[in-house]
Amino acid sequence: MPRSTGGAVRLAGTGRLTAYRRLLRFFSRLDVHAHDGGASAWVFTLPGAAFTLMLSPEPHRGFSGEGGLLLDLARSGSATDEDDVAGELLPLLAWQQRLDPGELAPCAGVSVAAVSHGLGVVAASGRLGLDLTTGTYFHRELPLDAGRVERDNPRLRAARKLVAAGAVVATEGGWRVSGPGSVHWVRGDVSRPTCTCTWWARYAGNRGPCTHVLAVQVARASRP
24 MPRSTGGAVR LAGTGRLTAY RRLLRFFSRL DVHAHDGGAS AWVFTLPGAA FTLMLSPEPH
84 RGFSGEGGLL LDLARSGSAT DEDDVAGELL PLLAWQQRLD PGELAPCAGV SVAAVSHGLG
144 VVAASGRLGL DLTTGTYFHR ELPLDAGRVE RDNPRLRAAR KLVAAGAVVA TEGGWRVSGP
204 GSVHWVRGDV SRPTCTCTWW ARYAGNRGPC THVLAVQVAR ASRP
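Each residue of the sequence shown is one higher than the last, beginning at 24 in my numbering.
(1) What does the Cβ neighbour count give for ALA83, buried or exposed, with the cut at 16 atoms within 10 Å?
(2) By DSSP's criteria, TYR160 is part of a beta bridge. Which residues make up the other side?
(3) Could you tell me the alpha carbon to alpha carbon distance between ALA182 and GLY189, rounded to whole angstroms?
(4) For ARG178, which residues of its own chain have a beta-carbon under 8 Å away from its beta-carbon, when the five flanking residues on both sides are left out?
(5) DSSP three-state call for HIS235: helix, strand or coil?
(6) Can you pull the DSSP bridge partners for TRP198?
(7) Tell me the rounded alpha-carbon separation between TYR160 and HIS58.
(8) Applying the 10 Å Cβ sphere with the 16-neighbour rule, what's the burial state of GLU27?
(9) Could you spell out the range, first to last residue, of the alpha helix (DSSP H) harbouring VAL145?
(10) Among LEU69, ALA64 and TRP198, whose alpha-carbon lies nearest the alpha-carbon of ARG48?
(11) Between ARG180 and TRP198, is the Cβ-Cβ spacing less than 9 Å?
(12) ALA187 lies in the alpha helix (DSSP H); which residues open and close that run?
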């Protein structure tokens, strides 16, 4: 359906599914993964393979601004070795079809939770893919400049500037983030944050965290 409704998958721009037309006579199974924000993934099982088509919430929207891995990126380069585990994982990648955080944790010398975070950072740099069927990462290399992942994201750059300027302050009820001519409040934990800014009011986290939530995450990660 073109709009969200009970018992249906939202699909704006149905013509985008024509990419599957040549595969229809070969597939034996179709799995559809739907996100609350309107994105969807269509996984066709073929003899000896699976083909996945990711569709953004609207035909005019790409995935570059969705911010699905921004919280993981905000934690990278923090003051604690466990939070900066992405670099420790790179030597352990050997074209595995399935990466298990429980198996990687002892090799990297960190917790399973830290490995899960680190895998997200490595995935953002183009070195991992996510198999939606198994829910696990697999090793593959895309010809991307890993450094540009962070440099080209304006929200993350702005968040780091706020922290560097001392604009993020912990309070009894959460965090106060002061910007040019405005003050916003971030409350809740990392998994369920809220913010008083207009971005959060409009998207409620469906397009990734706002600059202020990211700034709080950066500030948390930089604490000794």
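Each residue gets a CB set at the ideal place from its N, CA and C atoms; glycine is no exception.
In this structure, then:
(1) Looking at the sequence itself, residue 83 is His, so the reference to Ala does not match. It is exposed - the Cβ of HIS83 has fewer than 16 other Cβ atoms within 10 Å.
(2) LEU122 and LEU153
(3) 11 Å
(4) GLY90, LEU93, GLY231, PRO232, CYS233, THR234 and LEU237
(5) helix
(6) ALA193 and VAL209
(7) 18 Å
(8) The sequence given here has Ser at residue 27, not Glu. Answer is exposed; the Cβ neighbour count stays below 16.
(9) 135 to 147
(10) LEU69
(11) no
(12) 177 to 187
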